[in-house]
Structure formats: structure tokens, C-alpha cells
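Below: one structure, written as C-alpha cells.
Numbering (my numbering), first residue to last: 1 to 104.
Okay, here's the thing in C-alpha cells:
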């Protein structure tokens with residue numbers, strides 16, 4: 001029959017000293033040294049500040065680019081409508097006309 005080691009404990013488990021080692025150290029008078037590992041220090045807010053600033057700057061830049069493109073398209077459409085209204089109907093051949101813009 002094979003024995004499997006126990007599954008790892010969640011969280012921080014107490015350190016285990018084998019009984020033979022503990023009893024031998026007591027008999028010989030040697031000190032028993034138990035080393036506890038500490039958790040790493042939590043991240044400070046400064047760690048997250050730079051990526052957050054870069055993300056916000058990229059989002060604002062993208063919004064500005066989109067707003068400028070939409071303004072340019074709107075200007076182009078208004079210019080085309082103004083030119084089409086000023087030209088009037090366009091005639092092709094014998095009596096076929098195309099009105100580009102409605103007059104108000």
C-alpha cells in the first residue's frame with residue numbers, strides 16, 4: 001500500500017518539526033530554530049498609477065481623434081450640400097435632369 005503526502009493546506013500552516021528531531025534536540029540541549037516566512041509587502045498605489053495614467057491618456061487621445069474625424073466629415077458633408085445647392089439641377093442629354101439638393 002502506498003501512502004500519498006497530504007494535500008497542501010490553504011493559507012499559512014504552522015511549521016512542523018519531526019518528533020525525532022525535536023526529542024534529539026531536547027536530549028542534547030541544542031536550540032530549535034523555527035523560521036517563519038513573511039508575506040510580501042502589499043503593492044503601493046504608486047505601482048498602479050503609471051499604467052492607469054497611460055491608459056487614461058490613450059483613451060482621451062482616441063476620443064479626440066474620433067471627434068476630429070467626425071468634425072471633418074460633418075464639414076465635408078455641409079460643403080458638399082452647399083455646392084450641390086448652388087449648382088442647381090444637372091441635365092444629361094435630352095431632358096433628363098438630376099436635382100442634387102432640395103431648395104427650401
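No residue lacks a Cβ here, since even glycine has one placed at the ideal position from N, Cα and C.
Computed from a predicted structure; not experimentally measured.
Q. Going by the CB atoms, is the gap between residue 97 and residue 90 shorter than 8 Å?
A. Position 90 of the chain shown, counted from the start, is the residue given in the question as residue 90. Position 97 of the chain shown, counted from the start, is the residue given in the question as residue 97. In contact: residue 90 and residue 97 (Cβ atoms closer than 8 Å).
(Q) So residue 22 and residue 32 are supposed to be a Cβ contact under 8 Å. How far apart are they, rounded? (A) For the purposes of this step, residue 22 is taken as the residue at position 22 of the chain shown. For the purposes of this step, residue 32 is taken as the residue at position 32 of the chain shown. 7 Å between Cβ atoms; contact.
Q. By DSSP, does residue 47 sit in helix, in strand, or in coil?
A. Your numbering for residue 47 matches position 47 in the chain shown. Residue state, collapsed to three classes: helix.
Q: Report the rounded CA-to-CA distance for residue 44 versus residue 59, giving the unit in angstroms.
A: Translated into the one-based positions of the chain shown, residue 44 becomes position 44. Translated into the one-based positions of the chain shown, residue 59 becomes position 59. Whole-angstrom Cα-Cα distance: 24 Å.
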